[in-house]
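*Asks:* There's a structure below that I have some questions on.
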Amino acid sequence: MAVHNDLGKHGEQIAIDYLMAKGYQILETNYRFQKAEVDIIAKMEDTLAVVEVKTRSTKVFGDPHEFLKPKQIERIVTVIDHYIQSKQLDVEVRFDVIAIVKTNSTTDIQHLENAYFHF
């Protein structure tokens, strides 16, 4: 596996641990529908948090959350629509980004709630 894939998987685990420490229930990780994937689907009370994790080793090229493109957002919405219908859920949905900058000595975590949509 490429180094950037290892960093991404490590970042997702950091995000899962972070959310669980905040009291979220993790429902799914790497949930796929068609050709799209959602990193984390978590629940806090009656809110479904759809979390995209962006992990980088440096901010030289910008903050990690800036790498989320409109087409990717569109695919994530399609995945979550399918998930909600297939599970017959009646919940509020919030789209979050957890941006992680992981260097050898530090880990910076930024949780952006309602990052790109609010239903």
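The numbering used here puts the first residue of the sequence shown at 46, with every later residue one more than the last.
Each residue gets a CB set at the ideal place from its N, CA and C atoms; glycine is no exception.
All values reported here derive from a predicted model rather than from experimental measurement.
What residue range is occupied by the uninterrupted beta strand (DSSP E) comprising Q70?
*Replies:* Residues Q70 to F78.
*Asks:* Looking only at DSSP bridge pairs, what is Q117 linked to?
*Replies:* For Q117, which the question treats as bridged, DSSP gives no partner whatsoever.
*Asks:* Determine which residues share a DSSP beta bridge with M89 and list them.
*Replies:* Note: M89 sits in a beta bridge opposite T92.
*Asks:* Report the option in R101, E158 and L72 whose CA atom is closest to the CA atom of D51.
*Replies:* That would be R101, whose Cα lies nearest to the Cα of D51.
*Asks:* For the beta strand (DSSP E) that Q155 lies in, which residues bound it at each end?
*Replies:* Counting along the chain, the beta strand (DSSP E) containing Q155 begins and ends at T152 to L157.
*Asks:* Using the Cα positions of Q1 and V83, report the straight-line distance between them to the nearest angstrom.
*Replies:* Coverage of the chain is limited to positions 46 through 164, which leaves residue 1 absent and any answer about it impossible.
*Asks:* Out of A87, E119 and T103, point me to the one whose CA is closest to E137's CA.
*Replies:* Among A87, E119 and T103, the Cα nearest to that of E137 belongs to A87.
*Asks:* With a threshold of 16 other CB atoms inside 10 Å of the CB of M46, please say whether the residue is buried or exposed.
*Replies:* Summary for M46: the model assigns pLDDT 47, below 50, so the residue's position carries little reliability, and this model does not support an answer.
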